[in-house]
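Protein chains in written order, with this note's numbering: chain A, 851 to 1129; chain B, 2 to 318.
Even for Gly, the Cβ is constructed at its ideal location relative to N, Cα and C.
Keep in mind the model is a prediction, meaning the values are calculated, not measured.
As structure tokens, the structure follows; a few thoughts come after it.
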Amino acid sequence: MRLPLLLLAAIAIASFAGPPLAAALGIDPHAVDLLERLIGPNAVHPLGTDELGRDVLFRLLEGGRVSLSIGIAAAVAAAALGTVIGLVAGYVGGWTDRVLMRATDALIALPLLPLLIVLAALDLSKLGLPAQLVKSDEISLLRILALTLLVGWTTAARLVRGATLVTRSRDFVRAARSLGASVPHILWLHILPNVLGPLIVATTLSVGDVILLESVLSFLGLGIQPPLASWGSMLSNAQELIASAPMLAVYPGMMIFLTVIACNLFGDALQRRWDPRAN
Amino acid sequence: MIRFAAIRLVEIAAMLVLMSFVIYALIGLMPGDPIDLMRSSDPRMSAADVARLKLAYGLDRPLFERYLAWIRDAVGGELGYSRLFAAPVVAALWPRLVNSLLLMGSSFVIAFALALVLGILAARRPNSGLDAAINLFCFAGVSVPTFWLALVLILIFAAGFGWLPASGVTSAGSSDVGDRLRHLILPVATLSLASAGGYTRYVRAAMREALAQDHIRTARAKGASEARVVFRHALRSALVPVTTVLALSFGGLVSGALITETMFAYPGMGKLIFDAVMGNDYNLALAALLLATATAMLANLAADLAYGWLDPRIAYR
Chain A
851 MRLPLLLLAA IAIASFAGPP LAAALGIDPH AVDLLERLIG PNAVHPLGTD ELGRDVLFRL
911 LEGGRVSLSI GIAAAVAAAA LGTVIGLVAG YVGGWTDRVL MRATDALIAL PLLPLLIVLA
971 ALDLSKLGLP AQLVKSDEIS LLRILALTLL VGWTTAARLV RGATLVTRSR DFVRAARSLG
1031 ASVPHILWLH ILPNVLGPLI VATTLSVGDV ILLESVLSFL GLGIQPPLAS WGSMLSNAQE
1091 LIASAPMLAV YPGMMIFLTV IACNLFGDAL QRRWDPRAN
Chain B
2 MIRFAAIRLV EIAAMLVLMS FVIYALIGLM PGDPIDLMRS SDPRMSAADV ARLKLAYGLD
62 RPLFERYLAW IRDAVGGELG YSRLFAAPVV AALWPRLVNS LLLMGSSFVI AFALALVLGI
122 LAARRPNSGL DAAINLFCFA GVSVPTFWLA LVLILIFAAG FGWLPASGVT SAGSSDVGDR
182 LRHLILPVAT LSLASAGGYT RYVRAAMREA LAQDHIRTAR AKGASEARVV FRHALRSALV
242 PVTTVLALSF GGLVSGALIT ETMFAYPGMG KLIFDAVMGN DYNLALAALL LATATAMLAN
302 LAADLAYGWL DPRIAYR
């Protein structure tokens, strides 16, 4: 459990502290230097430079900041949405429950990647979104967040619904109800704490999934767009130079791999610790 | 069980109709339309030509009306014409579907064979060094970005040693089986390595549960050999959940290799869907996406049916 956590912490600290540090030292990761293109590792550029003469190490840290932010933000948002849906389905029951759970089943049964590609390629201005937003630099980031939210809530919804069904007829919940506790109070204070452990495990595991999904979409040219860069979009750019500068593609992929495996190992370790039945 | 399957089939059909409308509407929201594309490639086209073409293709009518016309034709078996391939949709789909099935099918077999061996080995000695190593392999498999794994394999075996071809289905002008197989090696290796990890975890968990049951102890006590205990007694009950996972993963048969196919320029269904979506080839994208959706939902049904068939304790409602 310690090793993956340390690895994750190291990647996160480097990614979030690296760019400000570079700025303080007067290094600009976006600075283009066409005289210093594709040079190998040296004292100034520990991992060399890319096709525009930018420092590869700082670009990697920048990409990590974007990839990690998306991974964590989208995983937490999707878990929150799933929690709300699960609480409603489990507590209200009846038709609401049936409809919500059928929707969950249907979503799980769909081939998600091809459908996400359609959604990622949509022309947002045709959807009636304001042009200012569609043209902004951050739109690719928001788009990825929205897509992940759309498909990522199912695991949390199922978990929370199951726990709600089990807990809602327990004596302490009935006691709270007979004392006049409001529904939000019961859900928040009596039911949610009972499912927090598995929910945290599921969210940790889904951070890795989101980072993978973002990298796939960015790799296909449908995710993060310039001027932003993520590990996936860096790899996509580097693919054209695969013959002359293979390491440009190897580094970002390695970072994705290390981050995702660390998330998965950490989630697994949490699960073993909190759920004795898991092993 | 027949009733259960029938209800589910009706549900799947309804879901497909719903999905066809959603996909139809979404594709209309993609940047540009086919007429715009024609116009940008032919500067002599006038605004009047554009209006006439839109009329001829029915693009001036409301969305729902267009959709109804499409689905009437589709139900009658008329899926339209693919713009990208300049061929009827079915003719464009068929060879790619065969390519994908070949690629996914062989990867499935290899990944599952690998998962059975590794899963059983790990389950027999839980918490041993071997178990830990296999566990790490599993996590590496579920965590590796497929496109990166493909890239690394290409760098090593195609660009580095030059042993294997990095793209396509056959070398130019060649039609022998050996050449075809050599082109399959790297994509199949990518897919099997990436998917074996997840399967191994299922096999290991199912085998551990099976080996912990009372009848295994009884079998050992009566003196059955270790091989007989593992393969005859434990594996049989472990195969119930494993078969379900197997059936579920058939859902990816059609579109599951999208990334791998793109990386290796392998003309399969995944790459076709991507190209059709990006190239505004409405008819082709719709048909291919619906085929992928139908396969995935049928695989889901197959998994449910297999589970009840293999384990009589499961009741259908």
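Out of the options, which one is the CA nearest neighbour of residue i?
i: residue 184 of chain B; options: B:136, B:159, B:122, B:14; result: B:159
i: residue 1121 of chain A; options: A:1099, A:1074, A:1050, A:1109; result: A:1050
i: residue 277 of chain B; options: B:315, B:106, B:90, B:117; result: B:90
i: residue 191 of chain B; options: B:80, B:143, B:293; result: B:143
i: residue 1107 of chain A; options: A:1065, A:987, A:872; result: A:1065
i: residue 63 of chain B; options: B:79, B:122, B:228, B:25; result: B:25
i: residue 290 of chain B; options: B:257, B:238, B:140, B:2; result: B:257
i: residue 167 of chain B; options: B:127, B:178, B:154; result: B:154
i: residue 124 of chain B; options: B:299, B:239, B:301; result: B:239
i: residue 189 of chain B; options: B:94, B:268, B:109; result: B:109
i: residue 1100 of chain A; options: B:157, B:27, B:248; result: B:157
i: residue 283 of chain B; options: B:32, B:19, B:17, B:12; result: B:32
i: residue 930 of chain A; options: A:950, A:943, A:1046; result: A:1046
i: residue 309 of chain B; options: B:56, B:242, B:164; result: B:242
i: residue 237 of chain B; options: B:181, B:311, B:221; result: B:311
i: residue 1123 of chain A; options: A:1067, A:1105, A:1048, A:1073; result: A:1048
i: residue 94 of chain B; options: B:313, B:255, B:298; result: B:255
i: residue 991 of chain A; options: A:1072, A:954, A:852; result: A:1072
For residue i versus residue j, is the C-beta spacing smaller than 7 Å?
i: residue 244 of chain B; j: residue 120 of chain B; result: no
i: residue 1102 of chain A; j: residue 1085 of chain A; result: yes
i: residue 1036 of chain A; j: residue 1014 of chain A; result: no
i: residue 101 of chain B; j: residue 279 of chain B; result: no
i: residue 116 of chain B; j: residue 204 of chain B; result: yes
i: residue 235 of chain B; j: residue 259 of chain B; result: no
i: residue 1110 of chain A; j: residue 1058 of chain A; result: yes
i: residue 916 of chain A; j: residue 1078 of chain A; result: yes
i: residue 1081 of chain A; j: residue 913 of chain A; result: yes
i: residue 273 of chain B; j: residue 53 of chain B; result: no
i: residue 1112 of chain A; j: residue 957 of chain A; result: no
i: residue 251 of chain B; j: residue 207 of chain B; result: no
i: residue 293 of chain B; j: residue 964 of chain A; result: yes
i: residue 83 of chain B; j: residue 287 of chain B; result: no
i: residue 1002 of chain A; j: residue 1055 of chain A; result: no
i: residue 152 of chain B; j: residue 187 of chain B; result: no
i: residue 147 of chain B; j: residue 261 of chain B; result: yes
i: residue 1068 of chain A; j: residue 1061 of chain A; result: no
i: residue 998 of chain A; j: residue 1088 of chain A; result: no
Can you tell me where the alpha helix (DSSP H) holding residue i begins and where it ends?
i: residue 1117 of chain A; result: 1097-1124
i: residue 261 of chain B; result: 259-264
i: residue 168 of chain B; result: First-last for residue 168 of chain B: undefined, no H or E at that position.
i: residue 11 of chain B; result: 3-29
i: residue 1071 of chain A; result: Segment: none, residue 1071 of chain A is in no alpha helix (DSSP H) and carries neither H nor E.
i: residue 870 of chain A; result: 852-874
i: residue 1024 of chain A; result: 1021-1028
i: residue 964 of chain A; result: 962-970
i: residue 1013 of chain A; result: 1004-1017
i: residue 1 of chain B; result: For residue 1 of chain B there is no data in the structure shown, the boundaries of chain B being 2 and 318.
i: residue 210 of chain B; result: 178-212
i: residue 290 of chain B; result: 283-311
i: residue 1081 of chain A; result: 1081-1088
i: residue 216 of chain B; result: 215-222
i: residue 238 of chain B; result: 236-250
i: residue 136 of chain B; result: 130-144
i: residue 71 of chain B; result: 64-76
i: residue 152 of chain B; result: 147-154
i: residue 944 of chain A; result: 944-959
i: residue 983 of chain A; result: 981-984
Can you check DSSP and say which residues form a bridge with residue i?
i: residue 88 of chain B; result: B:83
i: residue 899 of chain A; result: A:905
Name the chain E residues whose beta carbon is nearer than 7 Å to that of residue i?
i: residue 32 of chain B; result: Although the question refers to chain E, the structure presented lacks it and instead comprises the protein chains A and B.
Confirm the yes/no value for this check: CB of residue i, any heavy atom of the ligand SAM, distance under 6 Å.
i: residue 186 of chain B; result: As for the ligand SAM, it is missing from this structure, which has no ligand bound.
| said: Does the structure place the segment 1091-1105 of chain A close enough to the segment 1010-1029 of chain A that three or more beta carbon pairs sit under 8 Å? | reply: no
| task | Flag this pair as touching only if the segment 930-942 of chain A and the segment 989-1009 of chain A have three or more C-beta atom pairs under 8 Å; answer yes or no. | result | yes
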